[in-house]
Amino acid sequence: ARSKEVVAPPGEHPLQYRYTFWYSRRTPSRPASTHNYEQNIRQFGTVATVEQFWRVYSHLVRPGDLSGYSDFHLFKEGIKPMWEDDANRNGGKWIIRLRKGLASRFWENIILAMLGEQFMVGEEICGVVVSIRFQEDILSIWNKTANDQISTIRIRDTLRRVLNLPPNTIMEYKTHNDSLKDNSSFRNTKLTL
Amino acid sequence: GTRIIYDRKFLLDRRNSPLAQ
């Protein structure tokens, strides 16, 4: 029923997929269990066109202006930004660590690449996340099939291009299965140059 | 089927459209 509310009004430019924005925030001292993660995450808008996207996005706080321990997520409609979701169960994510001050620009660029279908990996992309932390900020892009090497490498190379990353930028990949095992999003990743 | 592909400039240009306000 929710899908029917989000239609493309005349004159607007449809996106290949509909996307939902989510926001989450938690107290870093509390360990993240699935239960409290689900309680702390809220969706606040679904968009189907380029123009709808800008209407929502332009009213958001820029991630670089957020304080504390918070995340913005933009995921395809119907996919929850959780490791356990059916679309994510066999997936994983690329992680890019950003020094403070870069998150807002990189977040916008990764979103525009996803909405514009720049990754060319079929149905593989699930969504993107910007995670605001104390020492650094982290950008992630989630895909469906962690062991699909052709897609994960293509996603990595597209990221380098659309974010204009220096060639020596370290890229990290972590499967959601590993995240579930060590209950951590960003520790124990596989590094590649 | 065909994919709807937009480059960054196209998307940024739509930001100022009256429909996006």
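For the protein sequence lines, the chains are A and B, in the order given. Quick note, the first sequence lines up with residues 15 to 207 if you use the working numbering. Quick note, the second sequence lines up with residues 142 to 162 if you use the working numbering. Beta carbons: idealized from backbone N, C-alpha and C, even for Gly.
Item                                                                                                                   : Value
Range of the contiguous beta strand (DSSP E) that encloses N157 (chain A)                                              : E150 to N157
First and last residue of the uninterrupted alpha helix (DSSP H) at A125 (chain A)                                     : The sequence as given places Ile at residue 125 (chain A); Ala does not occur at that position. Looking at the DSSP string, the run of the alpha helix (DSSP H) that includes I125 (chain A) is A117 to L129.
Candidates A:K195, A:Y37 and A:N182: closest to R111 (chain A) by CA position                                          : A:N182
Rounded straight-line distance, which links the Cα of P28 (chain A) to that of N54 (chain A)                           : 31 angstroms
Below-8 angstroms beta-carbon distance, V75 (chain A) vs any chain B residue                                           : no
C-beta neighbour in chain B for L116 (chain A), strict 8 angstroms                                                     : no
Beta-carbon proximity of C140 (chain A) to I93 (chain A), cut-off 8 angstroms                                          : yes
I139 (chain A) - containing beta strand (DSSP E), residue span                                                         : I139 to I146
Contact check, I146 (chain A) vs L80 (chain A), beta carbons under 8 angstroms                                         : yes
Whole-angstrom distance between P24 (chain A) and T189 (chain A), CA atom to CA atom                                   : 41 angstroms
Interface flag, G25 (chain A) vs chain B, CB-CB below 8 angstroms                                                      : yes
Status (buried if at least 16 other CB within 10 Å, exposed otherwise) for P180 (chain A)                              : exposed
Enclosing alpha helix (DSSP H) for Q66 (chain A) [first to last residue]                                               : V64 to Y71
Cβ neighbours of I125 (chain A) in the same chain (closer than 7 angstroms, five flanking residues each side left out) : L88 and V142
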